[in-house]
Amino acid sequence: MGQMKNCSPWLSCEELRTEVRQLKRVGEGAVKRVFLSEWKERKVALSRLTSLEMKDDFLYGLQMLKSLQSKHIVTLLGYCEDDNTILTEYHPLGSLSNLEETLNLSKYQNVNTWQHRLQLAMDYVSIINYLHHSPLGTLVMCDSNDLPKTLSQYLLTSNFSIVANDLDALPLVNHSSGTFVKCGHRELHGDFVAPEQLWPYGEDTPFHDDLMPSYDEKIDIWKIPDVSSFLLGHVEGSDMVRFHLFDIHKACKSQNPAERPTAQDILDTYQKVFLSEWKERKVALSRLTSLEMKDDFLYGLQMLKSLQSKHIVTLLGYCEDDNTILTEYHPLGSLSNLEETLNLSKYQNVNTWQHRLQLAMDYVSIINYLHHSPLGTLVMCDSNDLPKTLSQYLLTSNFSIVANDLDALPLVNHSSGTFVKCGHRELHGDFVAPEQLWPYGEDTPFHDDLMPSYDEKIDIWKIPDVSSFLLGHVEGSDMVRFHLFDIHKACKSQNPAERPTA
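Residue 52 in UniProt numbering sits at position 52 of the sequence shown, with consecutive numbering throughout.
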């Protein structure tokens with residue numbers, strides 16, 4: 001769950017009753033009420049059955065949650081059938097219905113782009129594809145008779161992906177046995193639902209559920225263009241994406257369900273469009289070097305997704321199946337190349353103490369962002385010497401800095417006493433903080449289990465050295481160093497608690 005790396009058993013009735021504290025109601029539907037709650041200092045979502053008449057639906061939704069756990073489905077943390085409660089991961093951005101309001105907030109402007117919106121549409125189609133090929137068989141998303149209802153079945157995560165949340169109306173289709181579905185027992189209207197969901201016998205014949213023909217999973221395909229259009233919104237580039245998706249979306253709207261494409265066909269088309277839009281641009285494609293490093297690779301991807309901001313390299317796309325990540329390309333490369341870059345004649349105009357101090361401010365801003373990130377206090381662990389530290393950052397064409405390498409960002413939590421150790425080997429030298437050095441002398445061989453952990457103040461210790469490199473040796477840089485002497489001296493306090501914050 002979130003930053004939880006280890007899987008734990010689902011919480012029991014007793015644990016739910018004693019360890020979970022209900023805070024406030026945040027949502028209500030026909031089947032359940034949802035309460036923001038707290039478990040072990042983490043925000044969680046506690047769902048309670050609204051009415052015993054809906055218990056069968058409630059238990060069916062629980063069964064689906066248990067059976068379908070994957071990256072496409074909200075994480076189940078525990079349940080109690082006796083109390084009619086379900087505990088799941090909490091996503092503060094809430095229902096996908098809130099997407100426009102969320103993206104209109106200034107702090108999310110950086111993700112309000114056609115690229116991020118198309119990625120959301122790809123997430124949505126991936127969920128439909130997963131349901132159509134689930135471990136249980138072909139499931140149909142029945143709670144989707146209009147656009148608002150459809151959107152309410154999904155949650156927007158903090159890293160701007162989508163998970164399915166409401167699974168109490170997922171009937172099973174089986175083509176082999178001729179098992180098809182009907183979504184509800186009342187007459188449906190409008191053009192959001194598929195034609196085969198409409199009463200076929202005209203206005204002169206009153207609707208009767210027993211006479212209504214059943215249908216299959218292709219009703220979900222009919223709705224994909226409408227949901228995707230909502231997700232694409234009206235930002236620069238989104239109409240061009242719609243143009244490229246016109247043919248596949250037209251096929252989704254075939255009157256004959258058998259002629260509609262599969263969700264996988266649609267997903268393949270979306271991915272091709274996503275990549276084709278980048279054909280004219282330089283981008284950076286990262287590939288996993290070795291399967292032994294896959295956990296680190298996926299952790300770095302998770303950080304990239306969760307931390308998107310002006311401080312972090314822009315994520316354009318990813319494919320976990322192929323172990324690839326696509327990011328914005330910065331031709332000036334690693335921050336390690338700063339001196340070589342500024343020595344080029346075309347960059348002489350920015351080789352000044354003012355621009356160099358701005359770079360140092362960028363660097364400290366990134367550290368400050370990581371220490372107050374949406375995920376909590378993160379420590380930049382890949383920083384045991386100056387060259388390694390510089391290699392974690394990129395120099396942009398407008399001479400600012402973005403963090404690029406995020407696969408070693410462990411979490412500190414002072415409240416719960418969670419601290420970190422950067423790697424499992426002995427560290428040396430005065431670039432790393434004193435608390436990162438083996439404290440028991442040369443006579444005691446290093447042993448990782450005996451090595452004390454530490455907090456984010458190791459990043460503060462390193463700031464003077466990185467800043468000194470960034471300031472370089474141009475006219476005025478020594479005067480800047482003089483003015484920074486006191487704060488840099490404080491950064492080098494032997495006692496971490498005495499060091500300033502970023």
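Glycine included, every Cβ here is placed at the ideal spot set by N, Cα and C.
Check                                                                                                                                                                     : Outcome
Could you have a look at H483 and say whether DSSP puts it in helix, strand or coil?                                                                                      : helix
Figure out for me which residue from I128, S453, D449 has the closest Cα to the Cα of C422.                                                                               : S453
Taking 6 Å as the limit between beta carbons, can you name the residues of its chain near H132, skipping five residues before and five after?                             : T138, E217, A263
On the three-state DSSP scale, how would you describe V31?                                                                                                                : coil
In this structure, does DSSP put V379 in helix, strand or coil?                                                                                                           : coil
In this structure, does DSSP put Q115 in helix, strand or coil?                                                                                                           : helix
Have a look at P225, G441, T418 and flag the residue whose alpha-carbon is nearest the alpha-carbon of H428.                                                              : G441
Among L136, E187, Q197, Q392, which has the Cα closest to the Cα of F207?                                                                                                 : E187
Give the straight-line distance between the Cα atoms of S95 and S152, rounded to the nearest whole angstrom.                                                              : 6 Å
Mind checking N84: buried by the 16 CB within 10 Å criterion, or exposed?                                                                                                 : buried
Note down, in chain order, each residue of its chain lying with its Cβ closer than 8 Å to the Cβ of I224, except the 5 sequence neighbours on either side.                : Y124, V125, I128, H249, C252, A263, I266
When the Cα atoms are used, what is the spatial distance from residue 520 to I219?                                                                                        : The displayed coordinates of the chain run from 1 to 502. Any statement about residue 520 would go beyond what the structure contains.
Contact defined as beta carbons within less than 8 Å: I believe L298 pairs with S334. What is the distance between those atoms, to the nearest angstrom?                  : That pair is no contact at about 23 Å.
Would you identify the three-state DSSP class for N329, choosing helix, strand or coil?                                                                                   : What sits at residue 329 in the sequence shown is Tyr, not Asn. Correct three-state label for Y329: coil.
Which whole runs of the beta strand (DSSP E) in the stretch 149 to 216 are 3 residues long or more, in chain order?                                                       : 154 to 156, 162 to 164
Three-state secondary structure (DSSP) at R287?                                                                                                                           : strand
Straight-line CA distance for R260 to I221?                                                                                                                               : 7 Å
Are the stretch 57 to 73 and the stretch 148 to 168 touching by the rule of at least three beta carbon pairs closer than 8 Å?                                             : yes
Grab the span of the alpha helix (DSSP H) containing T102 for me, first residue to last.                                                                                  : 99 to 103
In chain order, what residues of the same chain have a beta carbon less than 8 Å from the beta carbon of L471, not counting five sequence neighbours either side?         : W353, R356, L357, A360, S477, V480, R481
Could you tell me the distance, in whole angstroms, from the CA atom of H488 to the CA atom of P387?                                                                      : 20 Å
Count the C-beta pairs between the stretch 300 to 318 and the stretch 106 to 119 that are closer than 8 Å, then say yes if the count reaches three, no if not.            : yes
Drop a sphere of 10 angstroms on the beta-carbon of T300, count the other beta-carbons inside from all chains shown, and report buried for 16 or more, exposed for fewer. : Contrary to the premise, residue 300 reads as Gly rather than Thr in this sequence. Per the 10 Å Cβ criterion, buried.
On the CB-based measure, 16 or more other CB atoms within 10 Å of its CB, does M4 come out buried or exposed?                                                             : Here the model assigns M4 a pLDDT of 45, short of 50, so the residue's position is not dependable and the matter cannot be decided.
Below 8 Å on the Cβ atoms is my contact criterion, and I expect Y215 with P257 to pass it. Report the Cβ-Cβ distance as a whole number of Å.                              : 7 Å
Give me the Cβ distance between L93 and S158, rounded to the nearest whole Å; I'm assuming they're in contact under 8 Å.                                                  : 6 Å
Tell me, which residues are paired with W39 by DSSP?                                                                                                                      : V20, R42
Can the beta-carbon of Y369 be found less than 7 Å from the beta-carbon of H311?                                                                                          : yes
In the DSSP assignment, find the unbroken beta strand (DSSP E) run with I86 in it and report its ends.                                                                    : 85 to 89
Suppose the cutoff is 8 Å on Cβ atoms and the five residues either side in sequence are ignored; what does the same chain contact list for P135 look like?                : S67, L68
To the nearest whole angstrom, what separates the beta carbons of Y130 and H72, a pair I think is in contact under 8 Å?                                                   : 5 Å
Identify which residue in K107, V283, L16 has its Cα closest to the Cα of E86.                                                                                            : Per the sequence presented here, residue 86 reads as Ile, with Glu not at that position. Taking only the C-alpha atoms, the option nearest I86 is L16.
Could you check whether R48 and R33 sit closer than 7 Å to each other, using their CB atoms as the reference points?                                                      : yes
Counting beta carbon pairs with one atom in the stretch 280 to 294 and one in the stretch 324 to 334, are three or more of them shorter than 8 Å?                         : yes
Contact check, W114 vs V273 under 8 Å by CB: the rounded distance?                                                                                                        : At roughly 10 Å, the Cβ-Cβ gap does not stay under 8 Å, so W114 and V273 are not in contact.
N6 to S37, Cα distance in whole Å?                                                                                                                                        : The predicted model places N6 with a pLDDT of 47, which falls under 50 and marks its position as unreliable; any figure quoted below should be read in that light. Cα to Cα, the separation comes out at about 21 Å.
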